[in-house]
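To get my numbering, take the position in the sequence shown, counting from 1, and add 25. For each residue, glycine too, the CB sits at the ideal point set by N, CA and C. Keep in mind the model is a prediction, meaning the values are calculated, not measured. Structure first, then comments.
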Amino acid sequence: MFNFCSLQGALSGSVASQSLLELDGGIKVLIDVGWDESFDASKLEELERQVPTLSFILLTHATASHLAAYAHCCHNFPLFTRIPVYATRPVIDFGRTLTQDLYASSPAAATTISEASITETAYAYANSPAAVAAENLLLQAPSPDDIARYFSLIQPLKYSQPLQPLPSPFSPPLNGLTVTAYNSGHTLGGTIWHIQHGLESIVYAVDWNQARENVFAGAAWLGGAGGSGTEVIEQLRKPTALICSSHGSERNALAGGRVKRDEHMLEMIKQCVARGGTVLIPIDSSARVLELSYMLEHAWRTDAAANGPLHEVKLYLAGRNMSSTMRYARSMLEWMDDSIVQEFEAYAEGQRKTNGTSDKKDGGPFDFKFMRLLERKAQITKLLSGDIDASRGRVILASDTSVEWGFSKDIIRNLAANEKNLVILTDRPGVSQEKAPSIARTLWDWWKEKKHGVVAQQTASGDSIELVRAGGRDLVVREAEKKPLDGDELNMYQQWLATQRQLQATQQTGTTTLETGGDVDDVSSESSSDSEDEDGQQQGKALTVSATLGQARKNVVLKDEDLGVSILIKKKGVYDFDSRGRKGRERSFPVAVRRKRTDDFGELIRPEDFLRAEEKEDDPVEGITAVGDDADVGKKRKWDEVATSAVKKQQPNWAASTEPSEGEELSRAEPDELDLVEDSEAPEPVGPSKLVYHTETVAAQMQIGFVDFSGLHDPRSLNMLIRLIQPRKLILVSGTEDETMALAEDCRALLSNATEGERAASDVFTPAVGVVIDASVDTNAWVVKLADPLVKKLKWQNVRGLGIVTISGQLLAAAMQVKPDEDDNEQSPNKRQKTAQTSLQNALVPAATAMPTLDVVPSHLASATRAVVQPLHVGDLRLPDLRRAMQAAGHTAEFRGEGILVVDGAVTIRKTGDGRIDVESVGLPGVGRKNALHDVRRAIYDNLAVVAGA
């Protein structure tokens, strides 16, 4: 069984991605926890209802559309941190820097409390003026340390590493489910997931790119750098279900590929800075920024070597966590394209000199010489104030692509009124709200309309590029501000918060997060074991705090009597409890005896015990790491170090503080006035607060350009690969309705042609958000019980981990046996009552539930039913494997023509579309020619399993 449901992103303009997969046995897998720039908590309500039923979570890309809601769910959904999460190491590290940048830049990311939750809790204020502004009350945002702790819970994976994930404490057994990650391109550490469970082979491929880029390698469909390049790798071929994104199905691929793309970007920049303008390129802060920054930095290096005009143009990279992002990039070169690794190796080889000196002229791949990092708002204000000379032009890369949060919003507010300036969009923005589109979406619509004229320009190679004039249109900039609560609003918030804490304290005993999951108390373990019989009754119910508020509306404020003896440890300032007349645990002090939680393999591993050095420095408050240098016994300190540390404590540190690498020293070699500017931002309110929006209208006069740096698949890649993959079921998600439906029609035609001569075309599904579809595998497999005499006669043949045997037997319909009651007193009243109930249940069992049994054919029927069965050759022979086998045997083997393998120039082997192997031999004279055909046939049979007939 396999059911699929898209929680966000299907048949809509939203770029957020959330998918729920349900497998046989009640196993539920959540893939991605994406969000869009609206930060609407109502879009996560369905996910919140599914949290108590999830088995594990997979994260695909380190982008806001794939994991922006992860920290929010960990912080606000009580059971979410108990669910195991898996991702590659780059997704974990870059996802942490992205989330920290998000919450540091936008107060709206904390989200507001739902109006229904406020009215249910603070009913006394339902008719007060404070209730009108209740929808703007902010939830408590996770701190940078909280975010670092949440991401430390994620288990890292490597590519092509099969893994049997651990289930959550409230999940059914996974029964041998296997998950394998493959490179998807598009981002560093981006993943194509392969899930194998029983007969179901599911490939989840959302936002992938087959083409190689400057930094990112192509997707692993064809085997990557070491693959044959002509066929899909075996693990991803012919899955029972392929879940693919429809983004880019209507995108026209640029002729010339990556080279032309980079050329168009540089030509737009050159023509803008030539007239003294400023170029703004909105980018994300963790994923695609690596491709753009690498390309521009190396373009500046090449131009400087040729004494071109670009190296005099200032190049900036603005983002609150950019230094951490680039530091992680320098440590993850093995995840990048082979050209990056070769460039680093060449740079490292050039540093080795006989006298031990090093030449830091250019640096490594991400050691920036021309690109300047800006991480504080005061630096952005200083840059845009006009005090810094910009007569030669400047280029600013700023987060985020939506221009709804980050430094890009501050920059476009300042640059929009000047017609010399240029905004270059690098991706098609999504639509999070129809009534209030993002700034990037507004600019995209203007670029498509071309209402106020187009400026056509020619590149050096003769290509034409178009820049669209804004034409003085009104650009609405909406700014979110965080303000403290007072009066009735504060009282309402405090009452809501107190109710939330009491409900969580009474509903959940023991730990609720994975970081302390290794130690649990006996009370929680006993309660969990006692409630095993009630799992069937509570399956599907929403066991979250918000649902409980709706069910217990009358008992909102809990009394001290409801807490019982637990009041001594749950409530502060209470030291006495009257235990007279009490029974059971109410008569003793509630001491939680902690014990180690174990599983089949022993004691559970605590992830915080195995953190890396930079992760420990990210989380200094949790007590996981050692204390600071000030507490080291016997360590000397200098007076200037004490002063420096005092200054550092006054500034918020959103990134891990490690020693600067050579690349950081290279970028800091020439400090300028931007380094000396002091922060002028007012400190944000620490306590309860609300969200207030301010709107500003700017008359936009700048020019708008577009260069596709999204790094997604194009129609050509989709048409080629889907036909090669040959999925039985195809599910299209993550795209608008028009492009999804158009791609579905193309795929139906492609798959019907690919399966010519076989069964009908594969099923293509286009589900909407919240719609559950059944994509189970269509097979003629049945579950039968083998009789013991038949099992003794079976001779199994192993084929790639599977056991295969042919059987001739007699099918019998045997009723399922009922386990007898083990009761010594056969005549007791309880025994007689149980026997009567069991007999009644057996009488009501329908015939369809009987387990069929396969037994040995009786001797008197064996002669009548005996038939001649030819031996079966089982397996999938790959011509590249056969080529290697023949070369190892001393023969010459090479491919000629279209997939034809020629051995010794005399034997040809070709593989047809239906899997047949055709071998032809030409009788040429020569020594050793007569053995070539015999050796080829023997090699083919050695790669197949011969199953004898029974």
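Asked	Found
Run through DSSP, which three-state label would Asn-744 get?	helix
Can you grab the Cα-Cα spacing for the pair Val-947 / Gly-924, in whole Å?	18 Å
Tell me which same chain residues have a C-beta within less than 7 Å of the C-beta of Gly-51, skipping the five on either side of it?	Pro-197
When we look at the beta-carbon of Ala-66 and count the other beta-carbons within 10 Å, is it buried (16 or more) or exposed?	buried
What is the residue span of the alpha helix (DSSP H) that Asn-28 lies within?	That residue, Asn-28, is in no alpha helix (DSSP H); its beta strand (DSSP E) goes 27-33.
With distances taken Cα to Cα, identify the nearest neighbour of Gly-243 among Trp-469, Ile-405, Trp-360.	Trp-360
Distance, Cα to Cα, Ser-463 vs Arg-498?	15 Å
On the DSSP letters alone, give me the boundaries of the alpha helix (DSSP H) that Ala-814 sits inside.	Residue identity check: residue 814 is Pro in the sequence provided, not Ala. It spans 813-816 - the alpha helix (DSSP H) in which Pro-814 sits, taken as one unbroken run.
Which residues in the same chain have their Cβ closer than 6 Å to the Cβ of Phe-105, if we skip the five residues on either side of it in sequence?	Val-76, Cys-98, Cys-99
Can you tell me whether DSSP reads Arg-453 as helix, strand or coil?	coil
Using three-state DSSP, classify Met-361 as helix, strand or coil.	coil
At which residues does the alpha helix (DSSP H) containing Val-116 begin and terminate?	114-130
Since Pro-307 and Ala-465 should fall inside the 8 Å C-beta cutoff, what is the C-beta to C-beta distance between them, to a whole number of angstroms?	6 Å
Can you give the Cα-Cα distance for Arg-453 and Leu-127, rounded to whole angstroms?	20 Å
Run through the DSSP bridge pairs and tell me what Cys-269 is partnered with.	Ala-230, Leu-757
Assuming the contact rule is C-beta atoms closer than 8 Å, Asp-488 and Lys-295 should be a hit. Round their C-beta distance to whole Å, please.	Rounded, the Cβ-Cβ distance is 14 Å, inconsistent with contact.
Which value, in whole angstroms, describes the spacing of the CA atoms of Glu-238 and Ala-812?	58 Å
Buried or exposed, going by whether 16 or more other CB atoms sit within 10 Å of the CB of Gly-34?	buried
Report yes or no: do the region 324-340 and the region 464-479 share at least 3 C-beta pairs separated by less than 8 Å?	no
For Met-351 and His-719, I'd like the C-alpha separation in whole angstroms.	33 Å
Could you tell me the alpha carbon to alpha carbon distance between Val-796 and Arg-753, rounded to whole angstroms?	20 Å
What residues in its chain sit with their C-beta under 8 Å from that of Asp-328, if we drop five residues either side in the sequence?	Pro-334, Leu-335, His-336
Starting from Asn-101, follow its DSSP beta bridges and name the residues at the other end.	In DSSP, Asn-101 forms no bridge with anything.
Quick one: give me the first and last residue of the beta strand (DSSP E) that Phe-626 is part of.	Careful: Phe-626 lies outside any beta strand (DSSP E) and carries neither H nor E.
With DSSP as the reference, identify every bridge partner of Ile-220, one or two as the case may be.	Val-204, Ile-227
Tell me whether Lys-596 sits in a helix, a strand or coil according to DSSP, three-state version.	coil
Does the beta-carbon of Phe-635 have 16 or more other beta-carbons within 10 angstroms, so that it is buried, or is it exposed?	exposed
For the beta strand (DSSP E) holding Lys-508, just list the boundary residues, first then last.	498-509
Enumerate in chain order the residues of its own chain whose CB-to-CB distance from Arg-121 is below 7 Å, with the five nearest sequence positions on each side excluded.	Ile-172, Ala-173, Phe-176
Using 8 Å for Cβ pairs, my map puts Leu-315 next to Val-240. What's the rounded Cβ distance?	5 Å
Following the continuous beta strand (DSSP E) through Leu-716, name the residue where it begins and the one where it ends.	714-725
Output needed for Ile-405: all residues of its chain with C-beta closer than 7 Å, excluding positions within five of it in sequence on either side, in chain order.	Ala-343, Leu-399, Phe-432, Asp-435, Ile-436
According to DSSP, is Lys-53 part of a helix, a strand, or is it coil?	strand
Locate the alpha helix (DSSP H) running through Phe-432, then write down its first and last residues.	432-440
Expressed to the nearest angstrom, what Euclidean distance is found between the alpha-carbon atoms of Asn-12 and Ala-133?	What is shown of the chain runs 26 to 975, which leaves residue 12 out entirely.
Rounded to whole angstroms, how far is the Cβ of Ala-403 from the Cβ of Asp-704, which I believe are closer than 8 Å?	5 Å
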